[in-house]
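Trainee:
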Amino acid sequence: MGGHRRCRCCPQGHLRLTRPTFADGRERLRRPSIYILHTAAPRLAFFPTLVVAAFYIQTERRKPTFKYPGMFEYGTVSTGVPPQGLSVPWGILRGVRKFRSAQQRDGCAVGCPHGRADDGRLPWATEGAYGGWGGHEHHGTGADSDRRPVVFAHGNQRDACDWEPHAEFFLERGYTGNDLWAITFREGTPTHESMAEQLDAFVGEIREHTGADAVDVVGHSLAVTGLRYWLATRGRFEWVDTFVGLAGANHGTVLSTWCVETGLQRGPYGSNRFLRADYDEVPDHPLASLNTDETPGDIDYYTIRGTDDTIFWRCHDSPVLDGATNLALETDHDGVRADLRAIEHIFEWVSGTHPYNVQHQVAAPK
């Protein structure tokens, strides 16, 4: 094999590539083009994901077989980490690109002009504690309603804009503006304690503003365990009637464990320690405490997981909660939130009515 050399895009030498050769010393690939995704660098952060992904683009444009760390079909990756023999799905690379794109827009997938703690779309001041949207003035509807408010909470490095299609769907089916609320956490990657603090303030304001005793909560990705942590640590079980968890790492992820073991626990990787898959082997781990009773309180629990969700590589059933109605859809991590089938299920679970019941079809406000 040829000698090691440093990757051009990683001068610190975190990753070394070995160019493969034949037995007689000739290079195995005459003109290999090497592309590196090194997510340990701040510019390519992704949660929870592979720290290093490297691949060769061949003239025949064939996807390589990837082992980390260990042998490619066409080369060797050396990182100084003991070999684990892990076959990584190609979809993780697509996730890296999507995550990086959202992160460059301050966690907003659509690039909206609102800051993370902007309270201009809420009927109360948050003093920079959190942002989001909700209320009849924001949605342009009347103030009266006989529905239970729905609270939407976003995932890692995202914001309340993720839930705008859901609001439109609900408004067309009899919900009013005072029924629909979405929080933007102050931090792109909040800790679970920070999420609990912000959710407690947010839901408290909604209850006071609407006069509702209880709300329904819908969380995606990181917010699923964030909502569970809020309920458990603040004892707010009486505040919630229906809980919907979308692609939540309720039993951790293998990738989070791997990130912790390689030292990635800051910034966008900050929740990896909480979401490690081997949490039951760590003394006094908070996820172990949450999972002593996975569906506590007098709450109806529902979950959706995606069959093509690479976040749950080698732990596909992590989103499942014992005692909940658990559904699998043929979609990826974002599809579990954004797919029309998912929105239909969310509506039916929180409203108790079929999404296409003609009695509830109304024109959405313009």
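Counting in numbering that gives the first Met the number 0, the sequence shown runs from 0 upward without gaps. Ideal Cβ placement from N, Cα and C applies to all residues, glycine included. None of these values were measured; they are calculated from a predicted model.
Which class does N177 belong to by DSSP, given the choice of helix, strand or coil?
Mentor: Here residue 177 refers to the residue found at position 178 when the sequence shown is read from its first residue. Three-state result, N177: helix.
Trainee: Whether or not the region 286 to 295 and the region 195 to 215 are in contact is what I'm after, with contact meaning three or more pairs of Cβ atoms, one per stretch, closer than 8 Å; do they touch?
Mentor: no
Trainee: Taking the alpha carbon of N177 as the point to measure from, which residue in G251, P148, P189 and T183 has its own alpha carbon closest?
Mentor: For the purposes of this step, residue 177 is taken as the residue at position 178 of the sequence shown. Out of G251, P148, P189 and T183, P148 has the C-alpha closest to the C-alpha of N177.
Trainee: Which residues mark the beginning and the end of the beta strand (DSSP E) in which T241 is found?
Mentor: Working through the sequence shown from its first residue, we reach residue 241 at position 242. It spans V239 to L245 - the beta strand (DSSP E) in which T241 sits, taken as one unbroken run.
Trainee: Figure out for me which residue from H344, F201, G296 and T324 has the closest Cα to the Cα of V150.
Mentor: For the purposes of this step, residue 150 is identified with residue 151 of the sequence shown, where counting begins at 1. Answer by Cα proximity: F201.
Trainee: Can you tell me the Cα-Cα spacing of W348 and Y301, whole angstroms?
Mentor: Along the sequence shown, one-based indexing puts residue 348 at 349. Along the sequence shown, one-based indexing puts residue 301 at 302. C-alpha separation (whole angstroms): 8 Å.
Trainee: Return the residue from the list C314, L245, G187 and E196 that minimises the CA-CA distance to S270.
Mentor: Working through the sequence shown from its first residue, we reach residue 270 at position 271. Closest option to S270, Cα to Cα, is G187.
Trainee: Rounding to the nearest angstrom, what Cα-Cα distance links A195 and Y355 in this structure?
Mentor: As a working mapping, residue 195 is identified with position 196 in the sequence shown. As a working mapping, residue 355 is identified with position 356 in the sequence shown. Answer to the nearest angstrom: the Cα atoms are 34 Å apart.
Trainee: Return helix, strand or coil for I303, following the three-state DSSP convention.
Mentor: Within the sequence shown, numbered from 1, the residue matching residue 303 stands at position 304. Reduced to three states, the DSSP call for I303 is strand.
Trainee: Please state whether DSSP places Y129 in a helix, a strand or coil.
Mentor: Here residue 129 is taken as the residue at index 130 of the sequence shown, counted from 1. Reduced to three states, the DSSP call for Y129 is strand.
Trainee: Near H135, which residues of its chain fall below 8 Å by C-beta distance, leaving aside the five closest residues on each side in sequence?
Mentor: Taking the sequence shown and counting its residues from 1, the one referred to as residue 135 is at position 136. The answer, listed in chain order, is G141, A142, T175, G176 and N177.
Trainee: Could you check how far apart the C-beta atoms of A152 and G251 are, in whole angstroms? I think they sit under 8 Å.
Mentor: Here residue 152 refers to the residue found at position 153 when the sequence shown is read from its first residue. Here residue 251 refers to the residue found at position 252 when the sequence shown is read from its first residue. About 19 Å; that fails the 8 Å criterion.
Trainee: Mind the definition here: the region 304 to 315 touches the region 331 to 339 only if three or more C-beta pairs lie below 8 Å; say whether that holds.
Mentor: yes
Trainee: CB-CB under 7 Å to R30, same chain, minus the five flanking residues each way: which ones, in chain order?
Mentor: Reading the sequence shown from its first residue, position 31 is the one you call residue 30. A caution first: R30 carries a pLDDT of 33, below 50, which makes its placement in the model unreliable, though a value can still be read off. Excluding residues within five positions, none has a Cβ falling inside 7 Å.
Trainee: To the nearest angstrom, report how far apart F346 and T261 are at their CA atoms.
Mentor: Position 347 of the sequence shown, counting from 1, holds the residue named residue 346. Position 262 of the sequence shown, counting from 1, holds the residue named residue 261. Near 41 Å, if we compare the C-alpha coordinates of T261 and F346.
Trainee: Is the separation between the beta-carbon of A166 and that of G131 shorter than 7 Å?
Mentor: By one-based count along the sequence shown, residue 166 stands at place 167. By one-based count along the sequence shown, residue 131 stands at place 132. Against a cut-off of 7 Å, the Cβ pair of G131 and A166 comes out as no contact.
Trainee: Whose C-beta lies closer than 7 Å to the C-beta of R272 among residues of the same chain, with five residues either side of it excluded?
Mentor: The residue labelled residue 272 in the question sits at position 273 within the sequence shown. Excluding residues within five positions, the ones whose Cβ falls inside 7 Å are V259 and Q264.
Trainee: Once you ignore the five residues that flank W229 on each side, which residues in its own chain have a CB closer than 6 Å to its CB?
Mentor: Within the sequence shown, numbered from 1, the residue matching residue 229 stands at position 230. Apart from sequence neighbours up to five positions away, the residues of its chain that approach W229 with a beta-carbon distance below 6 Å are A195 and L198, ordered along the chain.
Trainee: Measure the Cβ-Cβ separation of V253 and W162 and say whether it is below 7 Å.
Mentor: Position 254 of the sequence shown, counting from 1, holds the residue named residue 253. Position 163 of the sequence shown, counting from 1, holds the residue named residue 162. Contact flag unset, no.
Trainee: Going by DSSP, name the residue or residues bridged to L326.
Mentor: Here residue 326 refers to the residue found at position 327 when the sequence shown is read from its first residue. In the DSSP output, where bridge partners are listed per residue, L326 has I303.
Trainee: Alpha carbons only, please: which of D316, G234, P189 and I342 is nearest the one belonging to R115?
Mentor: As a working note, residue 115 is residue 116 in the sequence shown. Ranking the options by Cα distance to R115, first place goes to P189.
Trainee: With H165 as the anchor, note down where its beta strand (DSSP E) starts and where it stops.
Mentor: As a first step, residue 165 must be located in the sequence shown, where it is residue number 166. Looking at the DSSP string, H165 is not in any beta strand (DSSP E); the run it does join, the alpha helix (DSSP H), is E163 to L170.
Trainee: Going by DSSP in three states, I298 sits in which element: helix, strand or coil?
Mentor: Working through the sequence shown from its first residue, we reach residue 298 at position 299. I298 falls in the coil class under three-state DSSP.
Trainee: Check for me: the alpha helix (DSSP H) holding F201 runs from which residue to which?
Mentor: For the purposes of this step, residue 201 is taken as residue 202 along the sequence shown, with counting starting at 1. Element bounds for F201: H191 to T209.
Trainee: Grouping DSSP H, G and I as helix and E and B as strand, with all else coil, what is G187?
Mentor: The residue you call residue 187 lines up with position 188 of the sequence shown. Coil, per DSSP.
Trainee: Where Y278 and R336 are concerned, what is the direct C-alpha to C-alpha distance, given to the nearest angstrom?
Mentor: Within the sequence shown, residue 278 is the residue found at index 279, counting from 1. Within the sequence shown, residue 336 is the residue found at index 337, counting from 1. Rounded to whole angstroms, Y278 to R336 spans 26 Å at the Cα level.
Trainee: In chain order, what residues of the same chain have a beta carbon less than 7 Å from the beta carbon of P122, not counting five sequence neighbours either side?
Mentor: Walking along the sequence shown from the start, residue 122 turns up at place 123. Excluding residues within five positions, the ones whose Cβ falls inside 7 Å are G134, E136 and H208.
Trainee: Give me the Cβ distance between E280 and L320, rounded to the nearest whole Å; I'm assuming they're in contact under 8 Å.
Mentor: Taking the first residue of the sequence shown as position 1, residue 280 is located at position 281. Taking the first residue of the sequence shown as position 1, residue 320 is located at position 321. The Cβ separation is near 21 Å, so there is no contact.
Trainee: Taking C-beta to C-beta, are I303 and L245 nearer than 7 Å?
Mentor: The residue labelled residue 303 in the question sits at position 304 within the sequence shown. The residue labelled residue 245 in the question sits at position 246 within the sequence shown. A contact, by the Cβ cut-off of 7 Å.
Trainee: Go ahead and label T352 buried or exposed: buried means 16 or more other beta carbons lie within 10 angstroms of its beta carbon, across all protein chains shown.
Mentor: For this step, residue 352 is matched to residue 353 along the sequence shown. Classification of T352: exposed, given that the 10 Å Cβ count is below 16.
Trainee: Using only alpha-carbon positions, find the residue among L221, V357, T183 and R235 that is nearest to N249.
Mentor: By 1-based counting over the sequence shown, the position of residue 249 is 250. Answer by Cα proximity: L221.
Trainee: Tell me whether V281 sits in a helix, a strand or coil according to DSSP, three-state version.
Mentor: In the sequence shown, residue 281 corresponds to position 282, counting from 1. Coil, per DSSP.
Trainee: Could you pull out every residue in the same chain whose Cβ sits closer than 7 Å to the Cβ of G154, ignoring the five residues on either side in sequence?
Mentor: The residue you call residue 154 lines up with position 155 of the sequence shown. Cβ within range, chain order: H219, S220, L221 and A222.
Trainee: Measure the C-alpha to C-alpha separation of N314 and W257 and round it to an integer number of angstroms.
Mentor: Translated into the one-based positions of the sequence shown, residue 314 becomes position 315. Translated into the one-based positions of the sequence shown, residue 257 becomes position 258. With the sequence shown as reference, residue 314 is identified as Cys, and Asn is not the correct amino acid for it. Their backbone Cα atoms lie some 13 Å apart in a straight line.
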